[in-house]
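The working numbering puts the sequence shown at residues 2 to 173.
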Amino acid sequence: MASHEQGYRAGEARGQSEVRENKPDEWKAPKEKTREAKDKTNETAESAKQKTAETAQQAKEKGREAKDQSYETTQSAKDKAAEKAQQAKEKASETTEGAKQKTQETGQAAREKAEAAKEKTGGMLQQTGEQVKHMAQGAADAVKHTFGFDSTGEAEEHEEEDRNTHRRRDAY
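Pasting the structure below:
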């Protein structure tokens, strides 16, 4: 009996396998359609994944470019600011040096004028002193002459000196 049952089951299994292979196309279609849909979904997902990666890479590159451009712009601005600061520093230095030199020149001119005025004043004082001295001598001679204490030769000499003194005084 066991062999009969075994034969029956073997035949049944063979029959079922034949039925599966000989299924109508309508029964195969839903399974294949599902597999095709699954494959297409996988392809679409893979394509989307790839496009996302490409887009991310492009965005990353654009970000890097923007960063580089920003750095270059900032560096250029820094360089220009440093250049302008240096120019201003040089201009201020030149102006300060010019003012210093002008002050020295003005001081020197003032010293020279003061020295010239001192010399002129000193010369005038010396002349005035000499004139006073001669006038005093003339007055003394006049008093001596009036009182008869002078000699004749000396009186003429003093008169000539008095005339010279008066001429000098009138010249001023």
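Glycine included, each C-beta is placed from N, C-alpha and C at the ideal position.
Every value quoted in this text rests on a predicted model; they were computed, and no experiment measured them.
Collapsing the DSSP output to three states places Phe150 in coil.
In this model, Thr104 and Ala118 are separated by some 21 Å (Cα to Cα). Burial state of Asp80 is exposed, judged by a 10 Å Cβ sphere holding fewer than 16 other Cβ atoms.
Straight across, the Cα-Cα distance linking Lys114 with Lys121 is about 10 Å. When the Cα atoms are used, Asp142 and Glu116 turn out to be separated by approximately 38 Å. Excluding the 5 residues flanking it on each side, Lys39 has no same chain C-beta neighbour closer than 6 Å.
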